[in-house]
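Worksheet: one structure, shown below.
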Amino acid sequence: LTIYTMAAASPPSDPIISLQNQLVSTKLNENNFLVWEQQILVTIRGYDLLGFLTGDTPTPDKLTRDPTNGELTVNKAYLHWVRQDQLIASWLLSSLSESILITT
């Protein structure tokens, strides 16, 4: 597990978490869904990321209004959410066996 804190883009209390494949010892194949699912859910829940999979962590608005000048700017919370979402997707893909990847 690697944790990155984005200094200017998000609060330090909300780090970007990069999940590494070694956290899941069993890659999903045609015969081991229950074992694989248990490993995935324990890790995802442990890092409080389940909302990304269930949809309970909503996507922030892409644009926000700058309070100092009223201009629309890219929402840093949106950028953070996209990075986190893509890191989770990458981690999940890396936990799939080649036989499963071929069918997706």
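Every letter in the sequence shown is one number past the one before it in the numbering used here, and letter 38, counting from 1, is 27. Even for Gly, the Cβ is constructed at its ideal location relative to N, Cα and C.
Assuming residue i is part of the beta strand (DSSP E), what are its boundary residues?
| i | result |
| --- | --- |
| leucine 61 | 61 to 63 |
Using a Cβ-Cβ cutoff of less than 7 Å, which residues in the same chain neighbour residue i once the five nearest sequence positions on both sides are dropped?
| i | result |
| --- | --- |
| threonine 42 | At residue 42 the sequence reads leucine, which differs from the threonine that was named. The answer, listed in chain order, is Ile33. |
| alanine -2 | Below a pLDDT of 50, predicted positions are generally treated as unreliable, and alanine -2, at 46, falls in that range; no measurement from the model is reported. |
How would you write the range of the alpha helix (DSSP H) that residue i sits in, first residue to last?
| i | result |
| --- | --- |
| threonine 53 | That residue, threonine 53, is in no alpha helix (DSSP H); its beta strand (DSSP E) goes 52 to 54. |
| threonine 57 | Threonine 57 -> no alpha helix (DSSP H), and no H or E assigned at all. |
| valine 31 | 22 to 35 |
| serine 14 | Neither: serine 14 is in no alpha helix (DSSP H) and is coded neither H nor E. |
| leucine 90 | 87 to 92 |
Keeping to the same chain, check which residues put their C-beta closer than 6 Å to that of residue i; ignore five residues upstream and five downstream.
| i | result |
| --- | --- |
| alanine -4 | With a pLDDT of 43 at alanine -4, under the threshold of 50, the modelled position of this residue cannot be trusted; read the value that follows with caution. If we look at alanine -4 and ignore the five residues flanking it on each side, it has no Cβ neighbours. |
Does at least one heavy atom of the ligand FMN sit under 8 Å from the Cβ of residue i?
| i | result |
| --- | --- |
| valine 31 | For the structure depicted, the ligand FMN is absent and the ligand set is empty, with no information on it obtainable. |
One question on the structure: do residue i and residue j come within less than 9 Å of each other, judged by their Cβ atoms?
| i | j | result |
| --- | --- | --- |
| glutamine 28 | leucine 12 | yes |
*With a cut-off of 8 Å, do at least 3 Cβ pairs link the segment 75 to 87 to the segment 11 to 28?*
yes
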